[in-house]
Amino acid sequence: MDEQALLGLNPNADSDFRQRALAYFEQLKISPDAWQVCAEALAQKTHSDDHIKFFCFQVLEHQVKYKYSELSTAQQQLIRETLLSWLQAQMLNPQPEKTFIRNKAAQVFALLFVTEYLTKWPKFFFDILSVVDLNPRGVDLYLRILMAIDSELVDRDVVHTSEAIVLVMYCSVSSLTSSLYSRGTALIEPYPKEARRNTLIKDTMREQCIPNLVESWYQILHNYQYTNSEVLCQCLEVVGAYVSWIDLSLIANDRFINMLLSHMSVEVLREEACDCLFEIVNKGMDPVEKMKLVESLCQVLQTAGFFSIDQEEDLDFVARFSKLVNGMGQSLIVSWTKLIKNGAVKNAQEALEAIETKVPLMLQLLVHEDDDISSNIIGFCYDYLHILKQAIMLAVMKKLTYDEEYNFENEGEDEAMFVEYRKQLKLLLDRLAQVSPELVLASVRRVLSATLQNWQTTRFMEVEVAVRLLYMLAEALPVSHGAHFSGDVSKASALQDMMRTLVTSGVSSYQHTSVTLEFFETVVRYEKFFTVEPQHIPCVLMAFLDHRGLWHSSAKVRSRTAYLFSRFVKSLNKQMNPFIEDILNRIQDLLTLSPPENGYQALLSSDDQLFIYEAAGALIVSSDYPAENKRALMKDLLTPLMERFKVLLEKLMMAQDEERQASLADSLSHAVGFASRTSKAFSNKQTVKQCGCSEVYLDCLQTFLPALSCPVQKDTLRSGVRTFLHRMIICLEEEIQVSPFLQQMFMPLLHAIFEVLLRPAEDNDQSAALEKQMLRRSYFAFLQTVTGSGMSEVIANQGAENVERVLVTVIQGAVEYPDPIAQKTCFIILSKLVELWGGKDGPVGFADFVYKHIVPACFLAPLKQTFDLADAQTVLALSECAVTLKTIHLKRGPECVQYLQQEYLPSLQVAPEIIQEFCQALQQPDAKVFKNYLKVFFQRAKP
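The sequence shown runs 471 to 1413 under my numbering.
Structure (structure tokens):
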């Protein structure tokens, strides 16, 4: 083995050694016999270094997983003997191997097992057991192998596929080892073939060896019950994992159950024993037999005192026990459901009685002071809601209530846990509302009405929870978005009455932040109420705009209210027209760019001010005012910002102290951010023009641009200006292009766009995905305008590296994103660049780029499954793709045809006669002929 390369596996190795180790691993993967070197190293204990041993197992794992069928019978036998020899050696080692090595070895054993058990190694388990006997180290490895096999065959958390590369990373090694061990491809769904194999293996195991394995588990549990709690816990985990697919009678019998129950009384074993019993209870079986099993367990547990929850101090165990009770309750309900369906009335009645006897214990666990314990029983509650509706509703309202010790000013871990627990309770309320929406609606209405009648003399936690319940109804009641005040008349009437009570009761003046915040959260959540009863808007606006909201004494309330206020006025923009000037006047003091000196503390942070500026911009743009008035209001809004910006920039240019420079730069950056935020109200440049606001934003642009020349705090200032330019591209487009700074700002502007596009987003965040799509389109439209307006030198003069990066983004836009509008624009850009630069006198290297990237893009994009030739926009994109190919042929002549004939199209496995046909169509003088041909070409090429 390459000893120098192996040095790179050490966590402290430098980057060169790490890279060499990575390259060496890749070399060994493709080598036909390198695995034998690793096998020999393991068998003969050549290396003592843990990372090298792990590395050797990695190579063996790759061989077994992907190249095993290529080995001869003798070589396969060698791998089996190597693993057994290594296992035998562990019995004699003075020190056990590290955990990550044992886990990796278990994985390799498991892979070899699923490969050979049905054919060449039917005595796999017997061979393993003969080696490990009852040696504690051997038992440890045996149990790890069993868990690894279960993961391969059953574990639903593991995606099984013959093409997936899943290399396990362990946390104690260096970033090199992490990179080496975590390399892989995207996982895909399991093949039916593999599923059939797994089923056959389990069937064969049940016939041939499961009773022997179960006996070995019993012996382990019996022999180590007083000497090795770690092994016992491992064994209990194995039993719990395998019980789901083996004969339950092998486990659910007196000797096993009695032993498990005895373990329930041992402190270090009780949690694992509880989990094992849970898996047994969850085993699918005949409903009458399941009922008998659960009742038998309950009787023994109750006799042993486990039902005395209040006397148990070990809350972790109670949490596990709560999960077990939840499983027993749900199992009984499943049995009852099956028996009812089958018409077994007598047995169903017995099941119902068994369920009812668990109710006191279930409720005891539900209201337990520990939220983890309570949350573990919620599943049972969900299934029992048709019996417990009233009881659960009362419990939820009780447990939602804050206690006196909750610290609202300095929320710590306990408070965070309670917030999470509230989320669990909210889910319970949602399910209850699905089962009985009338009950939930009536209960909340009763509580809210009674509480708000006397809110002045009621404790804050009771007022808060009453309003909170109204807030939670919005998601609990099954209606389409925003339709709470239409559709079902009785429901709409009840909600309307509750909202009317809320906004007219005066409870917004309650002197506790939790109540104040809940009030504002609720009026914003039910903003559609104010379209039905707009007469209540003024009183709610005043609450936002006085000491109850934006001028509240609590910074926390002011901050949250700023966001909620922005949402409120934007969602009700049509109803805001009568109040716009009054609102703008009242928020004027909140729009001040906070000076960084004299210890001045602004009411709102800069982040909070963003929402106020956004709200102000939305109010102006959505108003019914003529364009002249809108322009005047927008100018009044942004002029103080520009003036303050000039003053602060001048101070920054003269400042000497680095701390003061940083403070001033932050303020300048915030000013640019505020102006950017007001532009959020514009959907496109036409709206900007319609409002007459283009001039105002161009003034802002000219005001902010000098900051780019500031010699200090460049990163902070340029980041802010780039953000503003990004917004202006969308809003102003051609007004920016004619400006003289485009040459200088081209790459900073693109970097700002790239930063936004590369920012990760949640998979289900559709609004973020749509925003990125629109930004990507705007970016490509900008490049199209630059290349099509005689300004291609702006791109050409950015330096070779930057030019290539820009061109690559256009290639990606043409090929990788399933957006035909953007793809069409990208092909227009490419054809224009080929027209400008594709001749013999074009920029150095562009001709190579044409053949390496542009030509392949013209084929790869239409061959994508997402390229729908039945879609009109996609057909337009294909038409521009044809123009690009025609332009390449026009500029490069026979050289292009020769490349397609002799190199590129053959690489796509295109038949010679089709290649000839394609090239003839390309050389047709009529572009329309080639466009029509290209569509037919790809229709035939796609499956």
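From the three backbone atoms N, C-alpha and C, an ideal C-beta is built for every residue, glycine too.
Pair every Cβ in the region 1252-1271 with every Cβ in the region 1316-1329, then say whether three or more of these pairs are closer than 8 Å.
-> no
Assign Arg1018 to one of three DSSP states: helix, strand, or coil.
-> In the sequence shown, residue 1018 corresponds to position 548, counting from 1. DSSP places Arg1018 in coil when its eight states are reduced to three.
Identify the continuous alpha helix (DSSP H) that holds Tyr536 and give its terminal residues.
-> Position 66 of the sequence shown, counted from the first residue, corresponds to residue 536. Segment Asp520 to Tyr536, the alpha helix (DSSP H) holding Tyr536.
Is it true that the CB of Phe726 sits closer than 8 Å to the CB of Tyr688?
-> As a first step, residue 688 must be located in the sequence shown, where it is residue number 218. As a first step, residue 726 must be located in the sequence shown, where it is residue number 256. Cβ distance < 8 Å, so Tyr688 and Phe726 count as in contact.
Closest by C-alpha distance to Gln856, when choosing among Tyr872, Phe1400 and Val905 | On the sequence shown, position 386 is the one that residue 856 refers to. Before going on, a small fix: residue 856 reads as His here, not Gln. For His856, the nearest C-alpha among the options comes from Val905.
Can you tell which of Phe1144, Glu1129 and Glu997 has the C-alpha that lies nearest to the C-alpha of Leu1061?
-> Sequence index remark: in the sequence shown, residue 1061 carries index 591 (1-based). Here the closest residue by C-alpha is Phe1144.
Which value, in whole angstroms, describes the spacing of the CA atoms of Lys537 and Leu492?
-> Position 67 of the sequence shown holds residue 537. Position 22 of the sequence shown holds residue 492. Annotation: Lys537 to Leu492 spans about 20 Å, alpha carbon to alpha carbon.
Check whether the Cβ atoms of Thr1148 and Leu1108 lie closer than 8 Å to each other.
-> Stepping through the sequence shown from its first residue, residue 1148 is reached at position 678. Stepping through the sequence shown from its first residue, residue 1108 is reached at position 638. Yes.
The region 871-878 in contact with the region 894-904 per 3-pair CB rule at 8 Å | no
For Asp1094, is the classification buried or exposed, using 16 other Cβ atoms within 10 angstroms of its Cβ as the cut-off for buried?
-> As a first step, residue 1094 is located in the sequence shown; it is residue number 624 there, counting from the start. The residue is exposed, with fewer than 16 neighbouring Cβ atoms inside 10 Å.
With DSSP collapsed to three states, give me the class of Lys1294.
-> Walking along the sequence shown from the start, residue 1294 turns up at place 824. Helix at Lys1294.
Among Glu890, Leu835 and Ile1223, nearest to Ala865 - alpha-carbon criterion = Within the sequence shown, numbered from 1, the residue matching residue 865 stands at position 395. With distances taken between Cα atoms, Ala865 lies closest to Leu835.
How many Å lie between Tyr640 and Phe570 at the Cα?
-> Sequence index remark: in the sequence shown, residue 640 carries index 170 (1-based). Sequence index remark: in the sequence shown, residue 570 carries index 100 (1-based). Per-residue confidence for Tyr640 stands at a pLDDT of 31, beneath the threshold of 50, marking its modelled position as unreliable; no derived number is given.
By Cβ distance, which residues of its chain are closer than 6 Å to Asn668, with the 5 residues on each side in sequence left out?
-> Within the sequence shown, numbered from 1, the residue matching residue 668 stands at position 198. Only Leu623 meet the Cβ criterion.
May I ask you to verify whether the region 525-539 touches the region 501-512, counting CB pairs closer than 8 Å and requiring at least 3?
-> yes
Using the Cα positions of Ala1013 and Arg1197, report the straight-line distance between them to the nearest angstrom.
-> Here residue 1013 refers to the residue found at position 543 of the sequence shown. Here residue 1197 refers to the residue found at position 727 of the sequence shown. If I take the Cα positions, the gap works out to 33 Å.
Spatial neighbours of Glu586 within its chain, please: CB distance less than 8 Å, with the 5 preceding and 5 following residues excluded, ordered by chain position.
-> Along the sequence shown, read from residue 1 onward, the residue named residue 586 stands at position 116. Once the five neighbours on either side are set aside, the close Cβ partners of Glu586 are Gln546, Arg550 and Phe594.
Looking at C-alpha atoms only, which residue of Met734, Ala1317 and Arg915 is the closest neighbour of Phe787?
-> As a working note, residue 787 is residue 317 in the sequence shown. Of Met734, Ala1317 and Arg915, the residue nearest in Cα terms is Met734.
Return the CA-CA distance between Ile716 and Asn682, expressed in angstroms with no decimal places.
-> Counting from one through the sequence shown, the residue named residue 716 turns up at place 246. Counting from one through the sequence shown, the residue named residue 682 turns up at place 212. Whole-angstrom Cα-Cα distance: 12 Å.
Can you tell me which of Phe955, Ser975 and Gln1379 puts its alpha carbon nearest to the alpha carbon of Val933?
-> Your numbering for residue 933 matches position 463 in the sequence shown. The residue with the shortest Cα to Cα distance from Val933 is Ser975.
Could you give the uninterrupted runs of the alpha helix (DSSP H) lying entirely in the region 1387-1412, keeping only those of 4 residues or more?
-> Those alpha helix (DSSP H) runs which fall completely within the region 1387-1412 and span 4+ residues are 1397-1411.
If I'm right that Ala1135 touches Leu1171 with Cβ under 8 Å, what's the distance once you round it to whole angstroms?
-> Indexing the sequence shown from 1 puts residue 1135 at position 665. Indexing the sequence shown from 1 puts residue 1171 at position 701. Not really, about 19 Å apart at Cβ, beyond 8 Å.
Is the beta carbon of Phe791 sitting closer than 8 Å to the one on Cys744?
-> What you label residue 791 is simply residue 321 of the sequence shown in a count that begins at 1. What you label residue 744 is simply residue 274 of the sequence shown in a count that begins at 1. Going by C-beta atoms, Phe791 is nearer than 8 Å to Cys744.
Contiguous alpha helix (DSSP H) assignments of at least 4 residues, all confined to the region 922-965 | 930-946
Check each candidate in Met1261, Val1276 and Pro1008 and name the one with the smallest Cα separation from Tyr1249.
-> Residue mapping note: residue 1249 aligns to position 779 of the sequence shown, counting from 1. The candidate whose alpha carbon is nearest that of Tyr1249 is Val1276.
What residues in its chain sit with their C-beta under 8 Å from that of Phe1400, if we drop five residues either side in the sequence?
-> Along the sequence shown, read from residue 1 onward, the residue named residue 1400 stands at position 930. Taken in chain order, the residues that qualify are Ala1352, Leu1355, Lys1356, Ala1391, Leu1392 and Gln1394.
Under 8 Å between C-beta atoms of Arg1246 and Gly1283 = Locating residue 1246 in the sequence shown gives position 776, counting from the first residue. Locating residue 1283 in the sequence shown gives position 813, counting from the first residue. Yes. Within cutoff.
Going along the chain, which residues of its own chain have a beta-carbon closer than 7 Å to the beta-carbon of Met1112, five neighbours each way excluded?
-> For the purposes of this step, residue 1112 is taken as residue 642 along the sequence shown, with counting starting at 1. Cβ neighbours of Met1112 beyond the five flanking positions: Asp1169, Cys1170 and Thr1173.
State the Cα-Cα distance for the pair Val1278 and Leu1346, rounded to the nearest angstrom.
-> Sequence index remark: in the sequence shown, residue 1278 carries index 808 (1-based). Sequence index remark: in the sequence shown, residue 1346 carries index 876 (1-based). If you take the alpha carbons of Val1278 and Leu1346, they lie about 22 Å apart.
Continuous alpha helix (DSSP H) stretch holding Asn728: start and end = For the purposes of this step, residue 728 is taken as residue 258 along the sequence shown, with counting starting at 1. Residues Asp724 to His733.
For Gln1160 and Ala1097, the rounded distance between their alpha carbons = The residue you call residue 1097 lines up with position 627 of the sequence shown. The residue you call residue 1160 lines up with position 690 of the sequence shown. Distance between the alpha carbons of Ala1097 and Gln1160: 7 Å.
Would you mind listing the alpha helix (DSSP H) stretches within the region 964-1051 that are 4+ residues and don't spill past its ends, in chain order?
-> 983-995, 999-1002, 1007-1015 and 1025-1041
Own chain residues within Cβ distance below 6 Å of Glu1305, not counting five before or after | Within the sequence shown, numbered from 1, the residue matching residue 1305 stands at position 835. Around Glu1305: Thr1357.
By DSSP, does Lys515 sit in helix, in strand, or in coil?
-> Counting from one through the sequence shown, the residue named residue 515 turns up at place 45. Three-state DSSP puts Lys515 in coil, outside helix and strand.
Along the chain, where does the alpha helix (DSSP H) that runs through Ile810 open and close?
-> Residue numbering aside, residue 810 sits at position 340 when the sequence shown is read from its first letter. Unbroken alpha helix (DSSP H) run through Ile810: Leu785 to Asn812.
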